[in-house]
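Colleague:
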Amino acid sequence: MAGDDIMADAIITAEGLNLVFETADVPVHALSDVDLKINKGDFVSLIGPSGCGKTTLLRVIADLEHPTSGKVEIAGVSPETARINRLYGYCFQAPVLYPWRTVIRNVMLPLELMGMSRGECVERAEKHLALVGLQGFERKFPWQLSGGMQQRASIARALCFDPELMLMDEPFGALDEITRDHLNEQFLRLWERTGKTVVFVTHSISEAVFLSNKIVVMSPRPGRILKIIESKLPSDRTLEFRDTPEFIDVAHQVRLALKEGHSYDDD
Amino acid sequence: MTMTEAMAASPPSGPTSLFRRACQGRTVPVSVVITFIIIAWYAGAVYLNSPQVIEKFERNNVEWTMGQMIADSWEMKRPVLPSPHQVVIELYKTTAQQKLTSKRNLLYHAYVTGTATLLGFVLGVILGVSLAVGIVHVLTLERSLLPWIIASQTVPILAIAPMIVVILGNIGFTGLLPKSLISMYLCFFPVVIGMVKGLRSPDPLQMDLMRTYDATPGQVFWKLRLAASVPFLFASLKVAVAISLVGAIVGELPTGAQAGIGARLLSGSYYGQTVQIWSALVVASALGMVLVYAVGLSERYVGRRMGARP
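Chains as they are written, first to last, in our numbering: chain A, 29 to 295; chain B, 6 to 315.
1) Starting from A:R252, follow the beta strand (DSSP E) in both directions and report where the run begins and ends.
2) Could you pull out every residue in the same chain whose Cβ sits closer than 6 Å to the Cβ of A:K99, ignoring the five residues on either side in sequence?
3) From the DSSP secondary-structure annotation, give me the bridge partner or partners of A:F169.
4) For A:M35, which residues of its own chain have a beta-carbon under 7 Å away from its beta-carbon, when the five flanking residues on both sides are left out?
5) So which residues of chain B does A:I112 contact, with C-beta pairs closer than 8 Å?
6) At the 7 Å Cβ level, is B:R314 part of the contact set with chain A, yes or no?
7) In or out: B:Y113 buried (at least 16 other Cβ within 10 Å) or exposed?
8) Can you confirm whether A:F228, when its beta carbon is compared against all beta carbons of chain B, has any partner nearer than 7 Å?
9) Compare the C-alpha of B:R309 against each of A:F189, A:F169 and A:P107 and name the closest.
10) DSSP on B:F41, reduced to helix/strand/coil?
11) The beta strand (DSSP E) spanning A:M144 covers which residue range?
12) Can you check whether the CB of B:V280 is closer than 7 Å to the CB of B:E60?
13) In whole angstroms, what separates the C-alpha of B:S249 from that of B:A121?
14) With a threshold of 7 Å between beta carbons, is A:F49 in contact with chain B?
15) Looking only at C-alpha atoms, which of B:T179, B:G139, B:P315 and B:G252 sits nearest to B:G223?
16) Between A:N241, A:F269, A:D271 and A:M246, which lies nearest to A:K260 when the distance is taken from Cα to Cα?
17) Return helix, strand or coil for B:I248, following the three-state DSSP convention.
18) What do you get for B:G199, buried or exposed, if any count of 16 or more other CB atoms within 10 angstroms of its CB means buried?
19) Could you tell me the alpha carbon to alpha carbon distance between A:H57 and A:V237, rounded to whole angstroms?
20) Which residues in the same chain as B:S107 place their Cβ atom closer than 7 Å to its Cβ, once the five residues preceding and following it in sequence are excluded?
21) In the DSSP assignment, find the alpha helix (DSSP H) that holds A:A181 and state where it starts and stops.
22) Using a Cβ-Cβ distance under 7 Å, would A:L141 count as near chain B?
23) Of the residues B:S78, B:S185 and B:C192, which one's Cα is nearest the Cα of B:A50?
24) Looking at chain A, which residues of the stretch 190 to 217 of chain B have a Cβ within less than 7 Å of any of its Cβ atoms?
25) Closer than 9 Å, Cβ to Cβ, to anything on chain A: give me those residues from the stretch 231 to 263 of chain B, in chain order.
26) For a contact defined as C-beta to C-beta under 9 Å, what are the partners of A:L169 on chain B?
27) Can you name the residues of chain A whose CB is closer than 9 Å to the CB of B:Q224?
28) Using a Cβ-Cβ cut-off of less than 8 Å, list which residues of the stretch 129 to 159 of chain A approach chain B; keep chain order.
29) Distance cutoff 7 Å, beta carbons only. Does A:F120 sit that close to anything in chain B?
30) Considering only C-alpha positions, which residue in the set A:M144, A:R114, A:T109 and A:F165 is nearest to A:T130?
31) Tell me the DSSP secondary structure of A:D91 in three-state form.
32) Relative to chain B, which residues along the stretch 174 to 189 of chain A have a C-beta separation below 8 Å, given in chain order?
33) Buried or exposed for B:K228, please, with buried defined as at least 16 other CB atoms from any protein chain shown within 10 angstroms of its CB.
34) Compute the Euclidean distance between the alpha carbons of B:L124 and A:G251, then round it to the nearest angstrom.
35) Kindly list the residues whose CB is nearer than 7 Å to the CB of B:T99, restricted to its own chain and excluding five residues on each side of it in sequence; keep chain order.
36) Counting pairs of Cβ atoms below 8 Å between the stretch 209 to 224 of chain A and the stretch 254 to 270 of chain A, do you hit three or more?
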């Protein structure tokens, strides 16, 4: 592939990114010289131990934090412009459904804010709730749903205005492993169908390997990128795929990279 | 995942005795408390009224027994503390046996005070909510207004009430409005405090979500802050409506008002009619309970519309 082609395909580029949080005692170097290129259609996982800056990096891309130095571009524009143009949908660690809105009205929230007509809001929300398997739950309030269902509703909310990019911050982190496996598989199918670019923060190795075609291994103090592992797992993989030698090989590479970053050391 | 999983489990049904149901409900606890209050009240009436009764016996040189003394202390014309049944009889006489529009009817006086209370409550809520909205959105307002708002509540209302009445009377406002303004003065405070807290209650993630959608401050207010503040608002409203009633009654005291619960309290104390004072007090607290209950009902209604757990 020629260099020009890669440039044309890149949807997120970060160059020399630094972010220092000034705290009361010592400044915290959350991101240190981060360079990253994410191509259109990629499923990229950011993995690393707590404090490695993976969430911070995602928040910088989303214009929720401002880098101290360096440059980020999303589809050729600044993160702020990207945010204002609603280029991305963001999923938080918690579902962040507003408890006073029904499930469908939660999904309609971004559409309402964009000034869409009521009819179009409802139509889009219903379509995306069906996409995440929540048809029949439109009129329920969030507390009437299980944790996994709530998180699926938040994915529907992030998808419903059809952004090019999905930024996901440990969306399944708070769920039990069985639910998480189930949602991983469903989400992979969803990604294959929609062809969105996904940046996915996780600290589960198996989740990262199962979902992504590019795994960015990060390390703390200062938060930096250690290694980027490209993985070419078959696209129609199911949960059983995690017992194959290919899967175990990629997972092993991730674990080695984490070890290099002293992620398993005692402090 | 199935529908049943998301549904709340229904309570187990089975034969429950009437007694157990009553114990689980409010009936038994409430009646036990009321019984104790009534017993203590009768005892208090004997204790407080007995000196006068005994004095009267001795003045007339009559032989008296304990039973007589107790019976008499419950039936005095101007007791220090009237007994419950005297108050009940007075209440019956001054509500059911009078025309509703008559000035002898306590319900008429309750209506007069009630309208002033409600107008003051509405004004206070409007003032309180507007101040809270300003304080949450403009930092300068928080610094400049909040100390004054707090200071306003440290001044005894009894001291301010006559001045408000006199000043407003001078510029031609009498009757309902001065009382309502005193109510408003008392009841905007809990509304400001509750609403400031409520409007600031959205957590950082809820705010971040709005930011990712590039929501305007107006959208954040209407779709997030206001909705999040509703439980705080209702907690404040319950306090506000109760002290709004206090404000209206206080507002009736210095005016020499012709009508209202405050006027009844005042005329009762002029003529030493303790029975009248106590029945006015009972009506005042009943009115207060009705108002607080009405706020509670609307809270339940709004809560159900906004997905509160039953």
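Backbone N, C-alpha and C define an ideal beta-carbon position, used for all residues, glycine too.
Modeller: Reading it off the structure:
1) R252 to E258
2) E43
3) BP columns for A:F169 are empty, so no partner.
4) At A:M35 the pLDDT is 49, less than 50, meaning the model places this residue with poor confidence; the figure from the coordinates comes in the next sentence. So no residue of the chain qualifies.
5) D219
6) yes
7) buried
8) no
9) A:F169
10) helix
11) From DSSP, A:M144 is part of no beta strand (DSSP E); its letter is neither H nor E.
12) no
13) 9 Å
14) no
15) B:G139
16) A:N241
17) helix
18) buried
19) 27 Å
20) Y113
21) G175 to L187
22) yes
23) B:S78
24) L210, Q211, D213, L214, R216 and T217
25) A232, A233 and V235
26) One point to set straight first is that residue 169 of chain A is Phe, not Leu, in the sequence displayed. Simply M311, G312, A313 and R314.
27) E140 and L141
28) R129, T130, L137, P138, E140, L141 and M142
29) yes
30) A:F165
31) coil
32) S174, G176 and M177
33) buried
34) 60 Å
35) R109, N110, L111 and S284
36) yes
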